[in-house]
Each structure stands twice: as C-alpha cells, then as structure tokens.
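For reference, the structure discussed in these notes is given below.
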Amino acid sequence: MRIGIIGLGYVGLTLAIAAADNGIDVYGVEVNQHIKDCLAQNKAHFFEPRLDSLIKRHNGKEFHCVEEFPKDLKFDAFIITVGTPLKKGEKTPNFEYIKSALRDTISKIYDGNQLIILRSTVSVGTTRKVVIPFLADLCHKPESEVRVAMCPERTVEGKAVEELTHLPQIVSGSNPEATEIAVDLFRHLTPYVITVDSLEEAELVKLYCNTYRDMTFALGNAFCMAAQTYGVDGMKAIKHANQGYARSNIALPGYVAGPCLEKDAYILINNMPECDSKDFIVAGRKFNESLEDLTLEWVKRKVGEPSEDKCIVLSGMAFKGQPETNDLRGSSSVYIAQKLHKLGYKLILHDFVALESEMKELGLGEVCSDIYEACRDASALLVLNNHKKYFDLQEDEVLTKSHNDFAILDTWGVCQNLYSIENVDIATLGNFMISR
Ligand SMILES: NC(=O)c1ccc[n+]([C@@H]2O[C@H](COP(=O)([O-])OP(=O)(O)OC[C@H]3O[C@@H](n4cnc5c(N)ncnc54)[C@H](O)[C@@H]3O)[C@@H](O)[C@H]2O)c1
C-alpha cells in the first residue's frame, strides 16, 4: 500500500512515520521550510517520544518527504492532515488550509480513483459539502462515485506514536469502496477499526471526544470556584469527593488549553442550530477560558501594580506538563503572559521542555533555563503546568532567603516540597481566590 500525506505537522508526521513503521510506503508534502529542514536532519520539528528514532529508521526508505507527489507512482490514498485553526478574532473554524491542500496539491495528482481521507478536525458536514464536491468537479464524476473518507485523529501529544497503534481508529467512507480502502489502510496500524454510519458521524465522534474532555474539566473548574465562594479549598473538596468513591471522577482544577481543546468545542457548535446544548457547550468553554483572567486578578492582588522593580516568573509555558510536550500553541500560559505583558508587568519565562528560541520569539520577556535563578529577584512565581519536574523542586536558598514578599501560585498543586517555606505565600487554583 502507498499513501500520500498532505501536511507534516504533529498529526501528519506522527501518522506518516507510524504508517511507514507498519509496512506502508509513505510520501509526505509540507509547505513549511523549517519542518523540511528538520526532516532532512532526521528530526521532527517538535518533541515526541520515540519519533526521532523512527524517523531515522524510515527516512528515505519507507518514508519520503517530497516537494510534489511523484506522478509515476500509484497511490492508494491521500490523507489531508493540515491545521484547522479558528479564524483570527473569531470563534469559527478556518478551513482555508483544507481548501489549499485540495486546490494546490491533490488537484495535481488526483485521477478520480484514489481515496481522499480527511484526518483534520472539521465541523459537521465539511467532508460532504467541501471535499466531495471539489473532487467530483475535478474528475467530472458524480459525487456518489468519488472515494472520500473521514478518519479523525484522536492521539494525545506526547503519546502519539504509541497511541497510533493502540487507539481504535474511526473510519467512515462516502461509499463502500472508500470505506473498504480506508479500513484496509488503518488495519496496517491496528486491528481495532470502528466503521461508523456516516461521514457526519465520524466528524462528530472526534468533536465529542475533545468537547467531552473540555466540559469535564469545566465542571471540575466550576466546582473548584464554587467551593471558594464558601471559603473551602476547591482542590481538596474535589479530591475528597473522589476518594474511595468510584462514582465520582471529578477533574481537578486546571487550565484547559492546547491547539485542539481551545477550538474543538467551537468547531462542534459551528453550523449548529440555536439550541440549549449549544449554550451549555459555550458556557463550559468560556468558563475554562475565564481561569486566565482569574489568574491575572491573583497577580494584581499579590504583586500590585506593575513597576520596573517587580518581576514575575512564569514557569510551564508549554500547554501541558504531562504527557510532556514543548508545544506552545493554544497554551493558557502564553495567553496569561500576553495579558500580563500588555498590563506592563516585567516577565521571565521558563519551561522544562519548550525551546528557549520559541519562548524568546513570543517577545514577552526574558527567558531563563534555571527556575531558581529566574526567581532570584522576582516578586512572584506562577507554575502554570504540571510537568513532573515540579515535584522535585526543593527549598532552594533563592526561594527561602532572598524574599520577603514572594508569592507562588502553584496552579496544579505540584510544588508540595515548597509548602513548608516560611516566608513564602503559596496558593493553588484550589484556594487562590480566598488565599490571604
Ligand atoms: N496536534 C494534535 O495532537 C492533534 C490531535 C488530533 C487532531 N488534530 C487535528 O489535526 C489537524 C492538524 O493538526 P496539527 O497539530 O498537526 O497541525 P499543524 O499545524 O502542526 O500541522 C499542519 C501542517 O500542514 C502544513 N500545511 C498546511 N497547508 C499545506 C499544504 N497545502 N500542503 C502541504 N502542507 C500544508 C502546515 O505547514 C503544517 O505543518 C487539526 O485539524 C487538528 O485539530 C490535532
């Protein structure tokens, strides 16, 4: 089997390499020069466990990064894995990258017989209303004859290579031949393929998975804030509600962020007629977003007005700490940094995994690789993700001796070793609205 992949980002590259590792001949095209330069050096442009060693094994053999798909080769399928971000300043999805993949790449090689798979996350109806008419027009066939499948990606960053061969794959074809080829393709990766009833159902399943996570976290965050209106620590109340009681699995409070969760609830409600479930989903998403402004309130309360001699350390800039990633896209930490920077606060950014060059590029303040050193003259430390290295932080002399008015917001409650420091004021998201 031979496939072509359009877009070698997080989804496209991990899928390409997993497919190559499972006996498929894979060609990939990408427009970003940096990604192609990294691949020329046998490296991914992002951190993902095991990925670089697999690239080294398959690059130039079963996997080929090419400028254009070779016309003399027969391809069974092309998979579109380009990004589907929200439009700038709006909450509606931008499908321009999908249209450009069809127009600029697929149209050059499409013969009307290959299967075209949409892997990107899209709103309901996009496969049928955007992809199929374009292809039918291109090959002058009735829409019912073109072979299209919707096979959404559901991996989590930081575990994608492992999950691609372990997660069930959702498949839906526009006709029986399309479904058959798509099932055959994904069976190379995993025996667990779920064929769903329609293209729309496949689109929905993906949106359900991410929106479900988003709403679950929203409920945890709402419970956490509700507890604080009674003067109760929300994080503790949630832990106690879950403890030894299998029917409760309430999420602990935290930012709900990243390139997928920040947008997928909005993609789900795109095109949805006005109804109560739409309001419910929007309310949950907005509640998660509101944690960023609550964090700003804490900073204003603890640090006071911005001034030259006050500096704030923001640690944990990647959108999550576990599984670890260096991805800054859609990170609440970055949005908090942008808001603090706009208010005039002096910032130092730190992360255990994110690249210093990418943090510098944000233009929001200094970047420091040593968290203790970053705190030397700071007024506050905000620990913004739950990377496992925070559990190892010690009562370093920088934190214990040189501060009188030093405050720490340990948002995820992962810096337990620091809680005994006497002169430091520490809060978590469980009590930051009521902490002294
Ligand atoms: N990141 C994840 O873990 C994840 C997980 C599940 C689903 N998704 C969904 O998968 C899709 C892709 O996400 P991503 O994180 O990989 O995005 P990404 O931005 O990292 O990757 C998309 C890549 O496509 C390239 N591209 C755009 N237009 C192109 C074209 N015409 N030809 C060739 N290359 C082109 C871009 O340069 C980019 O490198 C999105 O819809 C996303 O919501 C992402």
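Per the numbering used here, the sequence shown starts with residue 1, numbered consecutively.
All C-beta atoms, glycine included, are put in the ideal place defined by N, C-alpha and C.
Computed from a predicted structure; not experimentally measured.
DSSP lists no beta-bridge partner residue for residue 241. In this structure, the straight-line span from the alpha carbon of residue 67 to that of residue 10 is close to 19 Å. Assignment of beta strand (DSSP E) within the segment 104-177, counting only whole runs of 3 or more residues, yields 115-118, 148-150, 169-173 in chain order.
Put simply, the backbone Cα of residue 206 is about 13 Å away from that of residue 167.
For residue 290, the closest of 222, 309, 280, 273 by C-alpha to C-alpha distance is 222. DSSP places residue 387 in the coil class of the three-state scheme, outside both helix and strand.
A distance below 8 Å between beta-carbons, with the five flanking residues on each side excluded, links residue 2 to the following residues of its chain, in chain order: 24, 25, 26, 27, 73, 74, 75, 76. A contact between stretches requires three or more CB pairs, one per stretch, nearer than 8 Å, and the segment 229-240 fails this requirement with the segment 309-319. Sorting 199, 18, 421 by C-alpha distance to the C-alpha of residue 188 places 18 at the top.
Each residue's CA atom was taken as its position, placing residue 129 and residue 99 some 12 Å apart.
Within its own chain, the residues whose Cβ lies closer than 6 Å to the Cβ of residue 51, once the five positions on either side in sequence are excluded, are 44, 161, listed in chain order. DSSP places residue 2 inside the beta strand (DSSP E), whose first and last residues are 2-6. No residue range can be given for residue 75, since it is assigned to no beta strand (DSSP E) and is classified by DSSP as neither H nor E. Taken through DSSP and simplified to helix, strand or coil, residue 205 comes out as helix. Proximity of the segment 380-395 to the segment 412-423 meets the contact definition, three or more beta-carbon pairs being nearer than 8 Å. Of 84, 64, 5, the smallest CA-CA separation from residue 330 is found for 84. Take the alpha-carbon of residue 256 and the one of residue 325: they are about 15 Å apart.
DSSP places residue 188 outside both helix and strand once states are collapsed to three, so it counts as coil.
Along the length of the segment 11-91, whole alpha helix (DSSP H) runs at least 4 residues long occupy 33-40, 51-58, reported in chain order. 7 Å or more divides the Cβ of residue 80 from the Cβ of residue 132. Its chain contains 220, 221, 224, 234, 235, 429, 430 as the residues whose beta carbon lies nearer than 7 Å to that of residue 253, once the 5 sequence neighbours on both sides are disregarded; these appear in chain order. Judged by DSSP secondary structure, residue 410 falls within the beta strand (DSSP E) whose first and last residues are 406-410.
About 19 Å separates the CB atoms of residue 86 and residue 320; that is not less than 8 Å, and the two are not in contact.
Pairing residue 119 with residue 209 gives a Cβ-Cβ distance that is not under 7 Å. Assignment of residue 311 by DSSP, reduced to helix, strand and coil, places it in the strand class.
In this structure, residue 281 lies near residue 269, with their beta-carbon atoms less than 7 Å apart. Residue burial is scored here from C-beta neighbours: residue 344 has fewer than 16 other C-beta atoms within 10 angstroms and is therefore classed as exposed. Residue environment analysis places residue 249 among the exposed positions, since fewer than 16 neighbouring C-beta atoms fall within 10 angstroms of its C-beta. The secondary-structure analysis by DSSP pairs residue 366 across a beta bridge with 348.
In the DSSP assignment, residue 197 falls outside any beta strand (DSSP E), carrying neither H nor E.
The continuous stretches of alpha helix (DSSP H) do not include residue 378, and DSSP gives it neither H nor E.
A Cβ-Cβ contact shorter than 7 Å links residue 196 with residue 170.
In this structure, the beta-carbon distance from residue 179 to residue 173 falls below 7 Å.
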